[in-house]
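So the sequence shown is numbered by our numbering: it starts at 72 and just counts up by one. First comes the structure, then the notes that go with it.
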Amino acid sequence: ARQNSFCFSTVIFSMLLLCHMLAGAFLQFFLSGKRVSSENINFYNVRPPLDPTPFPNSFKCFTCENAVDNYNCNRWAEDRWCPESTRYCLTIHLFTEHGQSISVTKKCATGDECHFVGCHHHRESSHRECISCCEGMICNVEIPTNHTNAVLAVLHARRASGGSRWTASGALLAALVVATLS
Ligand SMILES: *[C@@H]1O[C@H](CO)[C@@H](O)[C@H](O)[C@H]1NC(C)=O
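Shown next, in the form of structure tokens:
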């Protein structure tokens, strides 16, 4: 049994070594600009070295709970991938009638949670609460303060055309549509 496990680790080690060599060849192919023979390289096995995305279309959100203001939320926000069941970044901003922040909460959210975007008045306290959602990598940097920015901003054009210019205008258009409807 001991010999078997030694054999096994030798095989694993050889495979790792092979992977390493393949990755090296892959890098050399791109860095040198020279055409190294690529016949034996399986490009599907080469993984990006830095912080690989956990699944297709994965994204991150600023995440905080009841921070005193936006600065303190973003400053301590966790840098974490959102669960696959979520699609948006949600922000809840509670503030006084003079616009002074009381509480900022940011998190990953499902489409259902984003049905509640908009602003409303707390009658007793005269505080206001605005909720916004957005789609995209760490998109919830700002906090909603009025009906113009307390909207669901989605990236309709992203998958259709792929251009970054269209992504921005797509988000703006979607935001306007949602604002008009609400
Ligand atoms: C909404 O808030 C944004 C940012 O604070 C501000 O620039 C904009 O003028 C406000 N819009 C309205 C309609 O008050």
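All residues carry an ideal CB built from backbone N, CA and C; glycine is no exception.
I'd like to check one pair, residue j with residue i: are the Cβ atoms closer than 9 angstroms?
{"i": "residue 204", "j": "residue 223", "result": "yes"}
{"i": "residue 201", "j": "residue 217", "result": "yes"}
{"i": "residue 213", "j": "residue 158", "result": "no"}
{"i": "residue 161", "j": "residue 177", "result": "yes"}
{"i": "residue 221", "j": "residue 189", "result": "yes"}
{"i": "residue 125", "j": "residue 155", "result": "yes"}
{"i": "residue 179", "j": "residue 134", "result": "yes"}
Can you tell me which of the three DSSP states residue i falls into?
{"i": "residue 143", "result": "helix"}
{"i": "residue 166", "result": "strand"}
{"i": "residue 85", "result": "helix"}
{"i": "residue 185", "result": "helix"}
{"i": "residue 161", "result": "strand"}
{"i": "residue 93", "result": "helix"}
Would the C-beta of residue i count as close to ligand 1, meaning under 8 angstroms from any of its heavy atoms?
{"i": "residue 218", "result": "yes"}
Taking the straight line between their C-alpha atoms, what separation do you get for residue i and residue j?
{"i": "residue 174", "j": "residue 142", "result": "11 angstroms"}
{"i": "residue 88", "j": "residue 82", "result": "10 angstroms"}
{"i": "residue 197", "j": "residue 168", "result": "6 angstroms"}
{"i": "residue 147", "j": "residue 195", "result": "31 angstroms"}
Give a yes or no on whether the minimum CB-CB distance between residue i and chain B is below 9 angstroms.
{"i": "residue 155", "result": "Among the chains in the structure shown there is no chain B, since it carries only a single protein chain."}
Shorter than 8 angstroms, the distance from the beta carbon of residue i to the closest heavy atom of ligand 3, or not?
{"i": "residue 170", "result": "Although ligand 3 was asked about, the structure shown includes only ligand 1 as ligands."}
Residue range of the beta strand (DSSP E) that residue i falls in?
{"i": "residue 189", "result": "189-192"}
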